[in-house]
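> Protein chains in written order, with our numbering: chain A, 9 to 277; chain B, 9 to 277; chain C, 9 to 277; chain D, 9 to 277.
Number of protein chains: 4
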Amino acid sequence: MADELSFPTGLGTSTPETISLLGQDLAADLMGKVGFGELAYWLVAGRRPTPGEVRLFEAVLVALADHGFTPTAIAARLTYLSAPDSLQGALAAGLLGGGSRFLGVTEDCGRFLAETLVAAGTERDYDVIALAAVRRAREEKRFIPGLGHPVHKEQDPRTPVLIAIAEQEGLRGPHLRLFEAIGRVHPQVLGRRLPLNGAGVCGAALADLGLPTDLLRGFALLARAAGLLGQLAEEQARPAGMNMYRDVERHAVEVPLDWTDEGSTPGHG
Amino acid sequence: MADELSFPTGLGTSTPETISLLGQDLAADLMGKVGFGELAYWLVAGRRPTPGEVRLFEAVLVALADHGFTPTAIAARLTYLSAPDSLQGALAAGLLGGGSRFLGVTEDCGRFLAETLVAAGTERDYDVIALAAVRRAREEKRFIPGLGHPVHKEQDPRTPVLIAIAEQEGLRGPHLRLFEAIGRVHPQVLGRRLPLNGAGVCGAALADLGLPTDLLRGFALLARAAGLLGQLAEEQARPAGMNMYRDVERHAVEVPLDWTDEGSTPGHG
Amino acid sequence: MADELSFPTGLGTSTPETISLLGQDLAADLMGKVGFGELAYWLVAGRRPTPGEVRLFEAVLVALADHGFTPTAIAARLTYLSAPDSLQGALAAGLLGGGSRFLGVTEDCGRFLAETLVAAGTERDYDVIALAAVRRAREEKRFIPGLGHPVHKEQDPRTPVLIAIAEQEGLRGPHLRLFEAIGRVHPQVLGRRLPLNGAGVCGAALADLGLPTDLLRGFALLARAAGLLGQLAEEQARPAGMNMYRDVERHAVEVPLDWTDEGSTPGHG
Amino acid sequence: MADELSFPTGLGTSTPETISLLGQDLAADLMGKVGFGELAYWLVAGRRPTPGEVRLFEAVLVALADHGFTPTAIAARLTYLSAPDSLQGALAAGLLGGGSRFLGVTEDCGRFLAETLVAAGTERDYDVIALAAVRRAREEKRFIPGLGHPVHKEQDPRTPVLIAIAEQEGLRGPHLRLFEAIGRVHPQVLGRRLPLNGAGVCGAALADLGLPTDLLRGFALLARAAGLLGQLAEEQARPAGMNMYRDVERHAVEVPLDWTDEGSTPGHG
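#1: Kindly list the residues whose CB is nearer than 7 Å to the CB of S22/D, restricted to its own chain and excluding five residues on each side of it in sequence; keep chain order.
#2: Roughly how many angstroms separate the alpha carbons of V256/B and L170/A, rounded to a whole number?
#3: How many Å lie between L64/C and P165/A at the Cα?
#4: Beta-carbon separation of M39/D and A71/A under 7 Å?
#5: Using a Cβ cut-off of 7 Å, which residues of the stretch 60 to 81 of chain A contact any Cβ in chain D, in chain order?
#6: State the Cα-Cα distance for the pair G249/A and D74/C, rounded to the nearest angstrom.
#7: Are the beta-carbon atoms belonging to G199/B and A91/D less than 7 Å from one another?
#8: Assuming D135/B and R192/B make a contact with CB atoms under 8 Å, what is their CB distance in whole Å?
#9: Checking the sheet assignment: what are the DSSP bridge partners for I27/C?
#10: On the criterion of 16 or more Cβ atoms from any shown chain inside 10 Å, does G20/D qualify as buried, or is it exposed?
#11: DSSP puts E262/A in a beta bridge; with which residues?
#12: Taking only three categories from DSSP, how would you classify S272/D?
#13: Can you tell me which residues form a DSSP beta bridge with L155/B?
#14: Taking the straight line between their C-alpha atoms, what separation do you get for I173/D and G118/B?
#15: Can you list, in chain order, the residues of its chain whose CB lies under 8 Å from that of G271/C, leaving out five sequence neighbours each side?
#16: Within the same chain, show all residues whose beta-carbon is closer than 6 Å to that of L155/B, passing over the 5 residues directly before and after it, in chain order.
#17: With three or more C-beta pairs closer than 8 Å as the rule, is the stretch 233 to 247 of chain C touching the stretch 240 to 249 of chain B?
#18: Is there a Cβ from chain D that is less than 7 Å from the Cβ of E148/B?
#19: Can you tell me the Cα-Cα spacing of V142/C and A127/C, whole angstroms?
#20: Of the residues that make up the stretch 231 to 258 of chain D, which ones have a beta carbon closer than 7 Å to any beta carbon in chain C?
#21: Quick one: measure Cβ to Cβ for F187/D and V209/D, integer angstroms, because I've assumed they're closer than 8 Å.
#22: Inspect the beta-carbon positions of H183/A and L111/A and report whether they are closer than 7 Å.
#23: A53/D and L219/D look like a contact to me (Cβ under 8 Å); what is the Cβ gap, rounded to whole Å?
#24: How many whole angstroms separate the CB atoms of G181/A and Q96/B, which I take to be in contact at a CB cut-off of 8 Å?
#25: If T114/A and G211/A are in contact, beta carbons under 8 Å, what's the gap, nearest whole angstrom?
#26: Residues of chain B with CB closer than 8 Å to the CB of E46/A, please, in chain order.
#27: If you reduce the DSSP assignment to three classes, tell me which class Q163/C lands in.
#28: Apart from the five residues on each side of it in sequence, which residues of its chain come closer than 8 Å, Cβ to Cβ, to I137/D?
#29: Specify, as a first and last residue, the run of the alpha helix (DSSP H) that D116/C falls within.
#30: Give me whichever residues DSSP pairs with Q32/D in a beta bridge.
#31: Between L86/C and T78/C, what straight-line distance do the alpha-carbon atoms span, to the nearest angstrom?
#32: Helix, strand or coil: which one does DSSP assign to M9/D?
#33: Helix, strand or coil: which one does DSSP assign to T80/D?
#34: Compare the C-beta of L86/A against all C-beta atoms of chain D and say whether one is closer than 7 Å.
#35: Should L89/C be flagged as near chain A, meaning a C-beta pair shorter than 7 Å?
#36: May I have the straight-line CA-CA distance separating A34/A from A67/D, to the nearest angstrom?
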């Protein structure tokens, strides 16, 4: 029959007796034998990681889990304040801030490095590749993802630690090496030294782990899901959302609407 | 004091006696006197629309409210099935599908027309502008937003009706005129005639209404919020989500994970 | 064939030539002829409202659209700050605060009134019904939804206006009358006079409009969707989210985690 | 100054030189030294778990990560289909299904067991406690959370495995023991034997791990976040969402709206 509908999947399926996940018997082969980070890696990469890969991967997740009162943490707390009946809504609201500006750096950096490596062809000297990439970005007036940090202006403490872990595990690959080279050469072009930030080095490490570039943001989101649960646990135990809201409201000042003239064209034909 | 924090706003504020919205007295001047579509327009445009503008604007919202079992409607129904305790979660899940592919056409089309008009400089002949724009898109292998429809292959019934309403209200402006011109000239370049679709004509009309290009998607989302409430009301009265889910699950076929080799590079340094 | 799958719907369907919505021809019969509020009512109630019903309904939506820097507005602005590429995410994050505490009052009040009316049986004196209901709530130590307001401690300005509109349109029905009666009799039981709040009177009016109790929260969400678009338009034109975030972060104080002892039981068997 | 605003937190803070998380130096003490599941536990419980606790906790997360084409997985895939530009939106849409019906069992079961244990006072015989609880639920016509499964009608394969892991790690505590007792005694009351399901046993184990009852759903959501990333990775590599959507749409049948009469009362006063 032409119309034979089927949805193939290599993830979870089940029968009355067994549950299968990733082609394994969930209860017999995975539970108690596979760590949670290991499973997340396997689910997205489609292959079981080595112990060294798991260690580097979990170091990335740990690095990205929580950064205190970020916009995503505040949004999650305020949503929980408004709708305490729906923990999933508060978590989702927090994750929805995982877009281009804050959490996106990890993905942007991994993609930038991967594309730069492809464009570099047979060139093998990372400093040469990095210098050309920084120059091109400068000409196109584009920022280099992963360079600079509003707080850690000298050095992001996560960067050398993650590189060291990758080195220990034999996983300091082309993306991390190119990222380090960017850290060495960019002052020649930009005229000042910026730190390699933690979100960027995480993107480089995930790319070296062979994870799909289009899903790197997903790992930042997974890490942040754990951090947001911590924020919501703290909000339960030691509520801050109401005061955050009141503090904003207290400083509201009524002004005339005045954006009428901006960015709009009259519509009369 | 250097630390004088203030959050200026022209939207809602309140005192113990009054509630102010858009500089008006909400209870005395708005409730019962301003329609809901009119208020939505005012909130986003920062100015009160004329009756003709309200009519065109609400025609757009009506056109975009519901298209049956779209991916967003199905996502909302399945979320409601899983979490019937959280109507806001089901509505939010549906709206989250309002991105680049389905609901984004309205915004993309409005932006495309606005940018094309700016780039056209002093040229006043819409067919000339349209022909150049279609040629450029063809060269750059880009789709023209608003052109073509998977179901309404000859004509989208919404398009002529919305143009007629705009004409009646004196609001058939440059964006709609350019959109119509694209409809006339594109076969010369593409070699076949495609319909001007409803999402696109809505984007053109919203742009002619002077609404900010970056927020056009927002109106598609507002319209869809009403449609999704209809879907959820129907799901309550006549549940379909469970059968939708079971139908998908029934056609699941376990296969080996095989995307390991795609899009990933090994990470060994 | 036994396995004949079908998903019946009275909402939107389409053929290559026409688009049908609510059994009507969308382009010919709805666009330009039906207002947006009217359509939203029709979609959820399953019947076309009268002009008087539309006026009362839209007055409710106008009343609920925006209340300035509420937790939902702040969450939407912060999410937009973090992820400006996804307007739908910022809107969804704001709506996710539409739960039990803030936006839920409308639904809770409508449901409370409807259940009280059912329980009252043949009793027709609203003051008698109200007195019994307030006494029962007091005994069960439950709050009466719709009574009291943190800012409008004497009177919520929306309440008399909405009742007046209902009266004008011949729609001041049993739910509103019972709500008014609660306003009259509760001081006898509680020992002090609290205002009937705007969210509550909106719930009463929606219930008198015959809208399904389980979906009353949905109308608060629809109204709020318009208000949140206004907030996001203002955030674009006059950004405040970054300062809101910085203000919170600046007041962060590191303390030891100390909720270990609360609410948890040791898990050793 | 009386108005000294502060937001105390035991989670993340940072200075230009260091990043602190949970009172530890993130880079020096956590990255590469603490697993991701361990960190998630620590964040929510407010204390570092033992290796045995981590193993049991991660076994729970692995058990709950993915169950194939569940409503949440389908909602995530369809949202990604509609808005491929926003991975965070697709993930959030999937998590929003983590409410009372599907993912909520874990939390409901943990809470039911905890409340039953508190109510049991000094009684120490789990079979006696369980029998009373099942009888009371039967009288109140309430379901017992964690009992029964639509597919695994005889036995859920996850249940004995998780109990065995808890036993190995010395963590088979009162919640798991009570849950097992319910499995032994319920046929006396209900007249048939139902399996103890996997979501339920996970809730019992999390409660024995001393995690806060109100946040148990959060762990199901964290586990599901990993599973949903797997679904979205598979959707990228092997798209199924479009066919799921088309299959539903193809089976749409237009019918009259007929829920007008249900659940609504006319609103004329």
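The C-beta atom is built at its ideal place from N, Cα and C for all residues, glycine as well.
Let me lay it out:
#1: The residues are S28.
#2: 42 Å
#3: 59 Å
#4: yes
#5: R63, E66, A67, L69, V70, A71, A73, D74, H75, G76, F77
#6: About 20 Å.
#7: Not a contact, by the Cβ cut-off of 7 Å.
#8: 6 Å
#9: S22/C
#10: buried
#11: T17/B
#12: Annotation note: pLDDT 39 at S272/D (below 50); position unreliable, no value reported.
#13: L204/B
#14: 59 Å
#15: In this prediction, G271/C has a pLDDT of 39, which is less than 50 and means its spatial position is unreliable; what the coordinates show is noted afterwards. So no residue of the chain qualifies.
#16: If we look at L155/B and ignore the five residues flanking it on each side, its Cβ neighbours are L202.
#17: no
#18: no
#19: The straight-line gap from Cα to Cα measures roughly 13 Å.
#20: V256
#21: 6 Å
#22: no
#23: 6 Å
#24: Actually they are not in contact, since the Cβ atoms of G181/A and Q96/B sit about 44 Å apart, beyond 8 Å.
#25: A Cβ-Cβ separation of about 4 Å places T114/A in contact with G211/A under the 8 Å criterion.
#26: Here the premise fails: no neighbours, minimum Cβ distance about 15 Å.
#27: coil
#28: T124, L125, A128, E131, L186, A189
#29: 112 to 127
#30: According to DSSP, Q32/D bridges with L29/D.
#31: 12 Å
#32: Note that M9/D scores a pLDDT of 41, beneath 50, so its modelled location is shaky; the value from the coordinates is reported in the next line. Looking at M9/D - three-state DSSP - the assignment turns out to be coil, as it is neither helix nor strand.
#33: Looking at T80/D - three-state DSSP - the assignment turns out to be helix.
#34: Interface criterion not met: the Cβ of L86/A is under 7 Å from no Cβ in chain D.
#35: Closer than 7 Å to some Cβ of chain A, the Cβ of L89/C qualifies, so yes.
#36: Note on residue identity: the sequence assigns Leu, not Ala, to residue 34/A. Straight-line measurement puts the Cα of A67/D at about 10 Å from the Cα of L34/A.
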